[in-house]
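Working notes for the structure below.
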Amino acid sequence: MTYAVGQRVRVSARSHEGHHRTPGYVKGQAGTISRVHAAYPNPETRAYGATGLPEQQLYLIALASDTKNHVYVDVFGHWLEEAK
Amino acid sequence: MTGHDHDHDHEPITNGGEPLAAARVRALAGVLVEKGVLTREDLRRRMDWLVSRSPSDGARLVARAWVDPEFKQRLLADAREAALELDLDPGPSPVVVALENTEDVHHMVVCTLCSCYPKALLGPPPDWYKSLPYRSRAVSDPRGVLREFGVELGDDVDVRVVDSTADIRYLVIPCRPAGSEAMPEGELAPLVTRDSMIGVGQPVVASGPSPGR
Amino acid sequence: MNGGMERAVHDRGGWPTGEPIDRAEHDLADWEVLMDSIVGTLGANGTMNTDELRRGIEGMPPAEYEHASYYERWLFSVEKVLTEKGVLAPGELDA
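Heads up: the protein sequence lines correspond to chains A, B and C, in order.
The first sequence lines up with residues 211 to 294 when you count with this note's numbering.
The second sequence lines up with residues 711 to 923 when you count with this note's numbering.
The third sequence lines up with residues 2 to 96 when you count with this note's numbering.
This is the structure:
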């Protein structure tokens, strides 16, 4: 599943044992795709000596906010779901 | 969750004011050289590179962007390539993304998980950037953090905190200071502070063109 | 901000704290520049990558993580990971 700029998504709230780069404050949050980055080696496996292949799509997500403060965070595609 | 969240060194001081870790790091280097894992030359080259990094490189990108709108578009499209255009070293990170501040939008960069930072263009990150309070409060209280750094933004300004969790490094292009319109590029670069390229400061206020220029 | 989920000690975004940010800065000590360069060289020659460095840091006991300085965390991680990989013998640096 790939996503496009402007698409509404939700970050998975799943727990993950071991190294991963999805911060706790982001999990379960709704947001919008702000940028589509390239694909990069998966840190979750590369952290344990594997190659990190296949590369995973990386996105900049604008977390939903009803204030004038917004948090944008880079999240890998395999942590995203389409938002209903 | 503990309340003792700061990164001061609590180890007993030895060896003329250095922490115990210092000797251990030197021992590590020695062992790795002995084992042929790396060479002294490798280390020397990398140390020379690190100490040569400074925010003046990032400031040159910003100053050029301020005077040259087409360069600014190239910088926004691909900051690595834009850096190479100015014979600057963008570093080993695969991608650097430049974030443009405007009257209505102010960007601020953090790495909540560790310390990711465009060090090739800004030099090593300051201690506070790597600190636990900055990493926690940048995303939960950005305006409070900005206020601590002396930046007050209007209620109508959108604050965008960018958490660089992965392979991308972010560099903020601050707004060109009012009063600097007649200043040439060479006089603009010194106005661009490191903190303004992280997003916790503004460029130095311009005092106008130098006499005689 | 984290919905009650358990957090690893390095995962600080939104971590409740009343602590002001200490803006004092220090120039990197020689040993810190050396530590940074060891990691950079190990990354460049394929011995140990950035993700392994981070993973090693994240495995520090939480109290140690919070009290260690930045490059002390790097030292911990490099020792741990290189020992795992057999590049260092256990306790080799203690000798």
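Beta carbons: idealized from backbone N, C-alpha and C, even for Gly.
Annotation: Y235 (chain A) is outside any beta strand (DSSP E) and is labelled neither H nor E by DSSP.
Rounded to the nearest whole angstrom, the CA to CA distance from G727 (chain B) to G740 (chain B) is 21 Å. Counting C-beta pairs closer than 8 Å gives fewer than three between the region 15-30 of chain C and the region 214-224 of chain A, which falls short of the contact rule. In this structure, DSSP gives Y71 (chain C) a helical state, which the three-state scheme calls helix. Assigned with DSSP and collapsed to three states, A9 (chain C) falls in coil, not helix or strand.
Between the region 860-868 of chain B and the region 797-816 of chain B there are three or more inter-stretch CB-CB distances shorter than 8 Å, so the stretches are counted as touching. No Cβ-Cβ contact shorter than 9 Å links M907 (chain B) with V872 (chain B). At a cut-off of 9 Å between beta carbons, T749 (chain B) makes no contact with chain A. If the five residues before and after V285 (chain A) are omitted, its C-beta is found closer than 7 Å to the C-beta atoms of V221, T232, V236, Y269 and I271, all from its own chain and listed in chain order.
Between R879 (chain B) and chain C, the shortest Cβ-Cβ separation is not below 9 Å.
The three-state secondary structure of D837 (chain B), taken from DSSP, is helix. Rounded to the nearest angstrom, the gap between the Cα atoms of S766 (chain B) and G228 (chain A) is 38 Å. Annotated three-state conformation of H288 (chain A) is helix, per DSSP. Contact between the region 767-781 of chain B and the region 896-905 of chain B is present, with at least three C-beta pairs closer than 8 Å. The beta carbons of L738 (chain B) and I39 (chain C) sit closer together than 9 Å. Taken in chain order, the complete beta strand (DSSP E) segments of 3 or more residues contained in the region 234-280 of chain A are 240-250 and 266-273. Excluding sequence positions up to five before and after N50 (chain C), its CB lies within less than 7 Å of the CB of G44, all in the same chain and listed in chain order. Membership of R790 (chain B) in the alpha helix (DSSP H) is indicated by the continuous run A789 to E795. Among the residues of chain B, those whose CB is under 7 Å from the CB of G15 (chain C) are S846, V849 and S850, following chain order. Ranking A:V215, A:A240, A:A249 and A:Q239 by CA distance to the CA of E265 (chain A) puts A:A249 first. The straight-line gap separating the alpha-carbon atoms of G262 (chain A) and D758 (chain B) is approximately 30 Å. Interface flag for P804 (chain B) against chain A is set, since a Cβ pair is found closer than 9 Å.
Burial check for S762 (chain B): the Cβ neighbour count within 10 Å stays below 16, so the residue is exposed.
Residue B:P913 holds the alpha-carbon nearest to the alpha-carbon of V882 (chain B) among B:P913, B:E795 and B:G854.
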